[in-house]
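Written out below as structure tokens is the structure these notes cover.
Chains as they are written, first to last, in my numbering: chain Z, 1 to 216; chain F, 1 to 216.
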């Protein structure tokens, strides 16, 4: 079926939000750890982190200032630092729960049962239960459209179990049980189809030697 | 283990790219369909599409102008329209192959074995083998950092099998076998853990009635 703009404008707003949020495809699942200048911690699940460069190592994400993410954005602007922590299959429900509208004086860490810990002099809190995490220094924050805010930062310290890093630098985020998000509320583990070699014209796609492929 | 900025600067550049590209988490997998003013088609896999709003329905993605994606960006700026097509488990290898450095006069559709088709007067080509796809009208294009380009557009027509849409508007992208990407070259199918209700303070996370949960 086809759904055009006119048809979408007539949909219930919650239905339309569900529909459109599903269209981008699978989303990354990260917990954003921040604190204010008094050290009061905040934790928010975000599904929009994206890669922006490897050298310097840059990541971006989208925030909606008029939502429960308001405290996180204020903390980032005040302190200039934050952490990103992969959501894994052991903590997906607690991670989702951070999106509840808690009061500013409540810490989502305590409310949902995740543990704040501090690594290598980074002022922002990491999530102890996360297996792949890194600190980020704010580089820029700009408004895009409809009040959405694009936050860009440089990756500082990466914390990851050495066994998850393959010989070529690829981190096996599936082995870490990192989850993917669909729509507004769907959580998924993954099953690797395979890794493919760098593509070249007129050479058929080739699996990397170390990748498994159940369809082979 | 911890990897800091100084250690990263000493890594081989390909290793560093693999490592940092893995950090954002799972990425969406989409084929970007464009054509130039003569109607010559172009198809490129991109892993950075992200949701920006439901009303108006906006999506953004990141391009690197100095790569094989150059033709796509030129086409978008020239015609103002493009298509986004979910990569699924039946076409993941052909989709990856679109990243090969083909000449400007070659169409990736022909080279990798995917079929261009045209729907509802949209000038840009869709991918016939994709099960969830939509046309997009360019809204803005801006440089971010290090030459990366942020392209924002408004979703026009959505083409999706009606059976994939749940009663609340959620599209079951897992049932469509949409894949997720890890790092630069990892492809994954998914297995849903569940969908969770809108989170509220002091109420434990609750599974939506219609979602399955193998861990329950």
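Note that CB positions come from ideal geometry on N, CA and C, so glycine has one too.
Check	Outcome
Quick one: which residues of the stretch 175–190 of chain F get their C-beta closer than 9 Å to a C-beta of chain Z? List them in chain order.	178, 179, 180, 181, 182, 183, 184, 185, 186, 187, 188, 189 and 190
Just verifying my parser: in three-state terms, what is the DSSP assignment at residue 2/Z?	strand
Can you tell me which of 134/F, 133/F, 152/F and 84/F puts its alpha carbon nearest to the alpha carbon of residue 142/F?	152/F
Step through the CB atoms of chain Z and report whether any lies within less than 7 Å of the CB of residue 157/F.	yes
Thinking C-alpha only, which one of 36/Z, 67/Z, 161/Z and 206/Z is nearest residue 107/Z?	36/Z
Check the Cβ of residue 111/F against every Cβ in chain Z and list those closer than 9 Å, keeping chain order.	201 and 202
For the stretch 131–212 of chain F, list the alpha helix (DSSP H) runs that are entirely contained and at least 4 residues long, ordered along the chain.	none
Residue 18/F touches chain Z at which residues, Cβ-Cβ below 7 Å?	168, 169 and 170
With distance defined between alpha-carbon atoms, name the residue in 48/F, 126/F and 1/F nearest to residue 224/F.	The requested residue 224/F does not occur in the structure, where chain F is confined to residues 1 to 216.
Does DSSP put residue 99/F in a helix, in a strand, or in coil?	coil
Is there at least one Cβ from chain Z nearer than 7 Å to residue 100/F's Cβ?	yes
What residues in the stretch 44–74 of chain F have a beta carbon less than 7 Å from any beta carbon of chain Z?	48, 49, 50, 51, 52, 53, 54, 55, 57, 58, 59 and 62
Would you tell me roughly how many angstroms separate the C-alpha atoms of residue 114/Z and residue 39/F, rounded to the nearest one?	54 Å
In the DSSP assignment, find the beta strand (DSSP E) that holds residue 36/Z and state where it starts and stops.	Unbroken run through residue 36/Z: none, as it is neither H nor E.
Verify the CB distance criterion: does residue 213/Z have a CB-CB separation below 7 Å to chain F?	Its pLDDT being 49, under 50, residue 213/Z is placed unreliably in this model, and the value from its coordinates should be taken loosely. By this cut-off, residue 213/Z is not an interface position.
Any contact between the stretch 148–166 of chain Z and the stretch 172–180 of chain F? By contact I mean 3 or more CB pairs, one from each, below 8 Å.	no
The beta strand (DSSP E) that contains residue 84/Z, what's its start and end?	81–86
For residue 193/Z and chain F, any beta-carbon pair shorter than 7 Å?	yes
How many angstroms separate the CA atom of residue 18/F from the CA atom of residue 124/Z?	26 Å
Ordered along the chain, which non-local residues of its own chain (more than five positions away) have a Cβ less than 6 Å from that of residue 116/Z?	41, 109 and 125
Pick from 8/F, 10/F, 14/F and 91/F: whose alpha carbon is nearest that of residue 168/Z?	14/F
Give the single residue among 207/F, 144/F and 55/F whose Cα lies nearest to the Cα of residue 20/Z.	55/F
Tell me the residue span of the alpha helix (DSSP H) that contains residue 20/F.	13–21
DSSP three-state label for residue 59/Z, please.	strand
Using a Cβ-Cβ cutoff of less than 8 Å, which residues in the same chain neighbour residue 95/F once the five nearest sequence positions on both sides are dropped?	29, 31, 45, 87, 112 and 114
Provide the residue span of the beta strand (DSSP E) that contains residue 50/F, from first to last.	50–54
Around the Cβ of residue 69/Z, are there at least 16 other Cβ atoms within 10 angstroms (buried) or fewer (exposed)?	buried
If we define contact as Cβ-Cβ less than 7 Å, is residue 205/F a contact residue for chain C?	The structure shown contains no chain C; its protein chains are Z and F.
In the DSSP assignment, the alpha helix (DSSP H) including residue 108/F goes from what residue to what residue?	108–112
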